[in-house]
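**Q**
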Amino acid sequence: MAIRLAELAVRYGCELRGDPDLEVSSVASLADAGSGSITFLTDSGYKKYLADTAATAVILDAAAADDCKAACLVTDNPYAVYASIAAELYPLPEPRPGIHPRALIGDGARVPESCEIAAGVVIGRKVQLGERVIIGPNCVVGDETTVGAETRLMANVSIYHGVHIGERCIVHSGTVIGADGFGIARSSQGWLKVPQVGGVRIGDDVELGATTTIDRGAIGDTIIGNGVKLDNRVHIGHNVVIGEHTVMAAQCGISGSTRIGARCVFAGQTGLAGHLHIADDVILLGRSSVTKSISKAGTYSSILPVEEVSHWRKLAARFKRLESMAAKIKLLEQRLNSSKDRKS
Amino acid sequence: MAIRLAELAVRYGCELRGDPDLEVSSVASLADAGSGSITFLTDSGYKKYLADTAATAVILDAAAADDCKAACLVTDNPYAVYASIAAELYPLPEPRPGIHPRALIGDGARVPESCEIAAGVVIGRKVQLGERVIIGPNCVVGDETTVGAETRLMANVSIYHGVHIGERCIVHSGTVIGADGFGIARSSQGWLKVPQVGGVRIGDDVELGATTTIDRGAIGDTIIGNGVKLDNRVHIGHNVVIGEHTVMAAQCGISGSTRIGARCVFAGQTGLAGHLHIADDVILLGRSSVTKSISKAGTYSSILPVEEVSHWRKLAARFKRLESMAAKIKLLEQRLNSSKDRKS
Amino acid sequence: MAIRLAELAVRYGCELRGDPDLEVSSVASLADAGSGSITFLTDSGYKKYLADTAATAVILDAAAADDCKAACLVTDNPYAVYASIAAELYPLPEPRPGIHPRALIGDGARVPESCEIAAGVVIGRKVQLGERVIIGPNCVVGDETTVGAETRLMANVSIYHGVHIGERCIVHSGTVIGADGFGIARSSQGWLKVPQVGGVRIGDDVELGATTTIDRGAIGDTIIGNGVKLDNRVHIGHNVVIGEHTVMAAQCGISGSTRIGARCVFAGQTGLAGHLHIADDVILLGRSSVTKSISKAGTYSSILPVEEVSHWRKLAARFKRLESMAAKIKLLEQRLNSSKDRKS
């Protein structure tokens with residue numbers, strides 16, 4: 336597919352600098368772009384490629400446009416316009432309607448004719464699929480689960496019973512939704528399993544990365560709001576609630592019953608303790624450790640970055656002696672005070 | 336199913352306050368409970384809901400019982416009693432005996448008639464299953480593996496060859512047992528793979544969360560004791576030994592050959608180096624980093640929680656200058672000493 | 336299989352001390368070895384077992400050989416020699432050629448007769464497999480992906496479309512290669528998905544542990560060099576480039592577009608921010624946090640290990656007051672200076 340720049344400029348409200356009849360049919364990076372491709376500039380570190388890019392067009396903001404020899408689509412939000420144009424050029428594959436003969440559909444399940452159900456899929460009893468749902472090879476969908484229209488599960492996804500997934504969601508391979516939360520009770524005979532009788536409710540337009548896990552609620556549901564995006568390997572404990580449009584990068588872990596606001600952004604490997612409340616619009620830098628609720632929007636961090644190991648070891652040893660360092664300071668203060676007293 | 340409170344009080348040794356003929360048939364949270372449901376109170380933060388709960392009965396301790404208008408089951412361990420009653424009301428599904436025509440059973444495998452083998456399952460040669468084992472859809476069980484009676488594998492579980500799993504275990508989706516440990520030897524031609532010729536032995540009553548991985552031993556077995564409970568995404572390296580009734584929350588990682596005692600509790604995202612010995616009854620708070628053996632029961636921590644980012648950056652910068660801070664203190668001590676000397 | 340020590344000594348360039356006609360047919364640990372087994376010593380902590388080992392032969396270095404009663408293979412690199420001998424005694428299983436009737440092969444796919452394709456496998460259109468490839472049960476391989484000769488995928492591996500995997504690779508269960516990278520663009524309507532149109536290129540002799548994830552590139556490919564070994568649960572973000580013979584232990588996470596040199600060694604739970612450059616031969620100790628590029632080979636760390644919790648809490652509180660501690664030191668300096676001034 337090739338699209339005229341004039342069309343793109345109108346559709347995405349960009350100022351067009353250059354020939355409106357030029358067409359683009361692929362995306363590329365600034366450095367590697369060739370004729371017929373469109374690219375974008377958001378990071379000033381890549382500005383050096385602007386003069387020599389062979390791209391047909393570049394999406395960028397007004398401040399950068401003057402340095403660009405190629406045609407420009409000028410906008411305040413180049414990355415979002417790029418995302419939209421790339422989605423036009425590389426649309427998600429359409430469902431190929433039909434149920435593969437090697438798929439199994441449970442009794443009472445509703446599978447519209449517009450759905451694509453791949454080989455090896457096992458769909459449970461009374462499952463309800465919306466229109467144009469795609470279920471990839473070897474996925475398993477538990478009894479009485481519902482999957483909204485146009486949602487797509489990639490290969491080898493496991494959904495337990497009683498899960499609700501909204502519309503236009505994407506679930507990547509290896510992801511598990513609705514496994515039992517980690518509910519155990521100490522007893523004289525060891526740990527007793529606490530039955531996890533809640534479910535999972537996932538909103539619309541949610542994307543879940545590969546091998547992410549979202550546990551079912553202990554009592555009541557685990558809830559993922561509309562527009563939430565979770566990267567790979569994220570762990571969501573039972574009865575967690577995640578507000579709309581919150582995003583988390585890879586390997587984050589959210590302990591049970593924590594409630595997270597809307598539009599939060601958590602960088603990778605962040606960990607939250609259980610039963611916390613996190614306000615809307617909280618940004619956590621990479622590998623943040625959160626042990627208390629956060630009531631105020633803002634950016635938070637707790638990372639100590641690497642040092643060369645011999646230096647680090649000295650710092651770590653000092654850290655372990657912070658108590659004695661504080662004691663020494665106190666003693667110095669006392670000595671100075673008493674020497675002053677003597678003098679006065 | 337509905338159960339009379341009188342019956343529950345007798346069975347679990349609780350004091351019953353209220354009408355013994357009341358029946359409960361579901362569980363609920365204190366706040367959301369309705370008639371016919373039973374709930375529990377363990378966390379004083381939820382005590383405020385006690386006065387108004389619509390639950391038919393509440394499981395709680397004597398100290399809290401006076402404030403409760405509903406019928407009470409009074410016990411020293413409300414959560415364990417709740418777990419037991421919930422397990423009665425929501426029993427694990429019984430196996431539906433039979434081998435699905437789309438399952439494959441290897442030569443010489445023993446699959447009792449009481450087992451449920453779902454579609455898409457591939458069971459290797461000489462696999463031995465106990466009575467009433469459930470193998471969920473699309474699971475793969477390697478050659479010569481044994482699975483004890485009443486153990487259940489949820490969908491898409493991968494078990495390698497030569498693994499032994501005990502009785503009444505639960506293994507959640509996406510979990511992998513018996514993959515090769517990370518054994519590599521540096522050589523002039525790059526890294527050589529060290530064959531992992533040991534196996535995995537898992538005791539009885541073990542529960543493994545979703546996408547957890549337990550590697551096979553390099554030489555000899557990786558061993559998981561009876562009653563161990565591992566949450567989602569836990570990594571157990573080769574030749575690790577975990578004592579009975581130890582539990583680990585999500586995303587913990589245990590490096591190879593570390594031996595962990597009985598009844599330990601590791602909170603989420605904890606990491607242990609290899610070749611350590613951890614005593615019985617060690618508690619690690621969330622995200623603990625353990626680089627040395629721990630010979631004494633107790634609670635340990637190493638977490639620095641988040642601060643607002645501008646404050647954190649100052650702290651991190653100070654941390655990096657701890658050496659010079661210590662040097663300044665030393666200098667102050669010297670100056671004070673010498674000024675004293677002069678005076679004396 | 337039994338092999339004469341004389342043969343092994345010649346093949347691996349070891350000095351043989353003992354009867355050249357002795358044969359070994361299995362490996363064992365020093366402590367548990369029996370007759371007919373070969374073992375190794377690399378860690379001086381295990382030297383105590385040397386006197387009493389019942390092993391037929393021990394691979395060790397010259398310094399340790401004098402204490403050994405068993406036959407010795409003396410070499411500078413005992414672990415590498417052990418790896419090679421163990422690989423002889425325990426060879427990887429040969430492919431059992433054939434396509435299982437319950438596997439599906441897409442249109443235009445090339446599957447040589449020497450390949451083993453297990454039950455439940457779904458291979459996409461135009462997939463190209465090399466000779467003697469093994470695809471384990473219930474794996475899914477996306478359209479137009481290529482897999483080099485003698486590579487083996489264990490059970491339940493998910494490979495997306497457009498992925499290239501080299502020769503002699505091993506991919507463990509639950510691993511996902513080529514899922515979409517975490518590309519999202521903020522817009523007034525929430526987050527827009529940025530199409531991930533690149534692929535993944537994996538070199539030869541790469542091993543990937545269980546449930547590891549390697550995302551496809553946003554534009555251009557994610558690249559894993561020859562001889563790279565990744566343990567379980569590693570996350571590789573989009574457009575990451577990993578140099579040859581770099582290894583990472585379990586649960587490492589590499590954010591998008593970071594470039595890592597050759598022969599690096601990252602211990603477990605290490606995390607790297609995005610868009611960094613890491614030099615060749617960088618060693619990161621366990622759980623390192625890397626937020627800036629590292630331009631110099633060497634060893635780096637950022638871990639603070641656990642303390643008993645009451646001591647830790649004091650340290651953490653002191654840490655949070657480092658600013659005021661610095662201020663106190665400054666004040667002491669000023670006071671001391673001014674008292675000196677007064678005196679002079």
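Residue numbers (my numbering), protein chains in the order written: chain A, 336 to 679; chain B, 336 to 679; chain C, 336 to 679.
Note that beta-carbon positions come from the ideal geometry of N, C-alpha and C, so glycine has one too.
If you compare alpha carbons, which of B:ILE494, B:ASP396, B:HIS612 and B:GLU466 is closest to B:ILE577?
**A** Within the second sequence, residue 577 of chain B is the residue found at index 242, counting from 1. The candidate whose alpha carbon is nearest that of B:ILE577 is B:HIS612.
**Q** By Cβ distance, which residues of its chain are closer than 6 angstroms to C:VAL511, with the 5 residues on each side in sequence left out?
**A** Residue mapping note: residue 511 of chain C aligns to position 176 of the third sequence, counting from 1. Taken in chain order, the residues that qualify are SER493 and THR548.
**Q** Less than 7 angstroms between C-beta atoms, sequence neighbours within five positions excluded: which residues of the same chain meet that for C:ALA545?
**A** The residue labelled residue 545 of chain C in the question sits at position 210 within the third sequence. Only HIS507, SER508, GLY509, THR510 and ASN567 meet the Cβ criterion.
**Q** So, at 7 angstroms on beta carbons, what are the nonlocal neighbours of C:PRO430 in its own chain, with the 5 sequence-adjacent residues on each side left out?
**A** By one-based count along the third sequence, residue 430 of chain C stands at place 95. Excluding residues within five positions, the ones whose Cβ falls inside 7 angstroms are SER449, CYS450, GLU451, ARG467 and ILE469.
**Q** State the Cα-Cα distance for the pair C:ILE338 and B:GLN524, rounded to the nearest angstrom.
**A** If you number the third sequence from 1, residue 338 of chain C lands on position 3. If you number the second sequence from 1, residue 524 of chain B lands on position 189. So the two alpha carbons sit approximately 23 angstroms from each other.
**Q** With 16 as the cutoff for other CB atoms within 10 Å, does A:LYS631 come out buried or exposed?
**A** As a first step, residue 631 of chain A is located in the first sequence; it is residue number 296 there, counting from the start. Looking at its Cβ environment, which holds fewer than 16 other Cβ atoms inside 10 Å, A:LYS631 is exposed.
**Q** Between A:VAL416 and A:LEU424, is the Cβ-Cβ spacing less than 8 angstroms?
**A** As a position in the first sequence, residue 416 of chain A is number 81, starting the count at 1. As a position in the first sequence, residue 424 of chain A is number 89, starting the count at 1. Contact flag unset, no.
**Q** Kindly list, in the order they appear in chain B, the residues whose Cβ is closer than 9 angstroms to that of C:LEU376.
**A** Looking up residue 376 of chain C in the third sequence gives position 41. Under the 9 angstroms cutoff, chain B gives no residues; its nearest Cβ is about 13 angstroms from C:LEU376.
**Q** Let me know the beta strand (DSSP E) ranges lying completely inside the segment 502-529 of chain A, each 3 residues or longer, listed in chain order.
**A** The segment 502-529 of chain A contains these whole beta strand (DSSP E) runs: 519-522 and 525-528.
**Q** Please work out which residues of its chain come closer than 6 angstroms, Cβ to Cβ, to C:VAL625, disregarding the five sequence neighbours upstream and downstream, and give them in chain order.
**A** By one-based count along the third sequence, residue 625 of chain C stands at place 290. LEU607, listed in sequence order.
**Q** Just verifying my parser: in three-state terms, what is the DSSP assignment at C:ILE618?
**A** Within the third sequence, residue 618 of chain C is the residue found at index 283, counting from 1. In this structure, C:ILE618 counts as strand in the three-state DSSP scheme.
**Q** Could you give the distance in angstroms between the alpha-carbon of A:GLY513 and the alpha-carbon of A:ASP550?
**A** Counting from 1 along the first sequence, the entry for residue 513 of chain A is found at position 178. Counting from 1 along the first sequence, the entry for residue 550 of chain A is found at position 215. Approximately 5 angstroms between the Cα atoms of the pair.
**Q** When you compare the CB positions of B:THR486 and C:VAL644, do they come within less than 8 angstroms of one another, or not?
**A** Mapped onto the second sequence, residue 486 of chain B falls at position 151. Mapped onto the third sequence, residue 644 of chain C falls at position 309. No, the pair does not count as a contact, with Cβ atoms beyond the cut-off.
**Q** Could you tell me if the beta carbon of B:ILE537 falls within a distance shorter than 7 angstroms of some heavy atom in the ligand PLP?
**A** Of ligands this structure carries none, so the ligand PLP is not represented either.
**Q** Tell me, which residues are paired with C:VAL409 by DSSP?
**A** As a position in the third sequence, residue 409 of chain C is number 74, starting the count at 1. Paired residues: C:GLU350 and C:LEU395.
**Q** Strictly below 9 angstroms CB to CB, what residues from chain C border B:ASN473?
**A** Stepping through the second sequence from its first residue, residue 473 of chain B is reached at position 138. The answer, in chain order, is GLY455, PRO472, ASN473 and ASN491.
**Q** Buried or exposed, going by whether 16 or more other CB atoms sit within 10 Å of the CB of B:GLY588?
**A** Along the second sequence, read from residue 1 onward, the residue named residue 588 of chain B stands at position 253. The residue in question, B:GLY588, is buried, as its Cβ has 16 or more Cβ neighbours within 10 Å.
**Q** Throw me the rounded Cβ distance for the A:THR480 and A:VAL462 pair, which I believe falls under 8 angstroms.
**A** The count along the first sequence starts at 1 and reaches residue 480 of chain A at position 145. The count along the first sequence starts at 1 and reaches residue 462 of chain A at position 127. A:THR480 to A:VAL462, Cβ: 5 angstroms. Contact.
**Q** Would you verify that the beta carbon of B:HIS570 is, or is not, closer than 8 angstroms to some beta carbon of chain C?
**A** Mapped onto the second sequence, residue 570 of chain B falls at position 235. Yes, its Cβ sits closer than 8 angstroms to a Cβ of chain C.
**Q** Pick out whichever of B:MET660, B:LEU376, B:ARG622 and B:VAL476 has its Cα sitting closest to the Cα of C:LEU639.
**A** The count along the third sequence starts at 1 and reaches residue 639 of chain C at position 304. When only C-alpha atoms are compared, the closest one is B:ARG622.
**Q** Given that a residue counts as buried once 16 or more other Cβ atoms are within 10 Å of its Cβ, and exposed if not, what is B:ASN672?
**A** As a position in the second sequence, residue 672 of chain B is number 337, starting the count at 1. By the 10 Å Cβ count, B:ASN672 comes out exposed.
**Q** Drop a sphere of 10 angstroms on the beta-carbon of B:MET583, count the other beta-carbons inside from all chains shown, and report buried for 16 or more, exposed for fewer.
**A** Here the question's residue 583 of chain B lines up with position 248 in the second sequence. Under this definition B:MET583 is a buried residue.
**Q** Enumerated in chain order, which unbroken segments of the alpha helix (DSSP H) with a length of 4 residues or greater are wholly contained in the segment 564-624 of chain B?
**A** Taking only runs of at least 4 residues, no alpha helix (DSSP H) segment lies wholly in the segment 564-624 of chain B.
**Q** Exposed or buried, what is B:LYS665 when buried is set at 16 or more other beta-carbons lying within 10 Å of its beta-carbon?
**A** Within the second sequence, numbered from 1, the residue matching residue 665 of chain B stands at position 330. Label assigned to B:LYS665: exposed.
**Q** On a Cα-Cα basis, can you pick out the residue from B:LEU620, B:HIS646 and B:ALA553 that is closest to B:SER636?
**A** As a working note, residue 636 of chain B is residue 301 in the second sequence. Checked all of B:LEU620, B:HIS646 and B:ALA553; the closest Cα to B:SER636 is B:LEU620.
**Q** Tell me, please, whether the segment 650-667 of chain A touches the segment 342-358 of chain B by the rule of three or more beta-carbon pairs shorter than 8 angstroms.
**A** No, the segment 650-667 of chain A does not touch the segment 342-358 of chain B.
**Q** Can a CB atom of chain C be found closer than 8 angstroms to the CB of A:ASP550?
**A** In the first sequence, residue 550 of chain A corresponds to position 215, counting from 1. No, no contact with chain C.
**Q** Tell me, please, whether the CB atom of A:TRP526 is closer than 8 angstroms to any CB atom in chain C?
**A** Within the first sequence, residue 526 of chain A is the residue found at index 191, counting from 1. For A:TRP526, the answer is no, since every Cβ of chain C falls outside 8 angstroms of its Cβ.
**Q** Helix, strand or coil for A:ARG536 per DSSP?
**A** Here residue 536 of chain A refers to the residue found at position 201 of the first sequence. It is a strand residue.
**Q** List the endpoints of the continuous alpha helix (DSSP H) containing C:VAL644.
**A** Translated into positions along the third sequence, residue 644 of chain C becomes position 309. Its alpha helix (DSSP H) spans residues 644-655.
**Q** Would you list the residues sitting across from C:GLN463 in a DSSP beta bridge?
**A** Here residue 463 of chain C is taken as the residue at index 128 of the third sequence, counted from 1. BP columns for C:GLN463 point to C:ARG445 and C:THR481.
**Q** So, are the CB atoms of C:GLY455 and B:GLY455 less than 8 angstroms apart?
**A** Your numbering for residue 455 of chain C matches position 120 in the third sequence. Your numbering for residue 455 of chain B matches position 120 in the second sequence. Yes, the Cβ-Cβ distance between C:GLY455 and B:GLY455 is below 8 angstroms.
**Q** Sort B:ASN491, B:TYR381, B:GLY483 and B:ALA652 by Cα distance to C:ASN473 and report the nearest one.
**A** Translated into the one-based positions of the third sequence, residue 473 of chain C becomes position 138. Nearest of B:ASN491, B:TYR381, B:GLY483 and B:ALA652 to C:ASN473, Cα basis: B:ASN491.
**Q** What does a CB cutoff of less than 6 angstroms around C:ALA399 pick up in its chain, not counting 5 residues either side in sequence?
**A** Within the third sequence, numbered from 1, the residue matching residue 399 of chain C stands at position 64. Within the same chain, C:ALA399 has close Cβ partners LEU376.
**Q** Since B:PHE654 meets chain A, which of its residues come closer than 8 angstroms, beta carbon to beta carbon?
**A** To locate residue 654 of chain B, count along the second sequence from 1; it is residue 319. Within 8 angstroms Cβ-Cβ: LEU639, LEU650 and PHE654.
**Q** Please state whether DSSP places B:LEU343 in a helix, a strand or coil.
**A** In the second sequence, counting from the first residue as 1, residue 343 of chain B sits at position 8. Helix, per DSSP.
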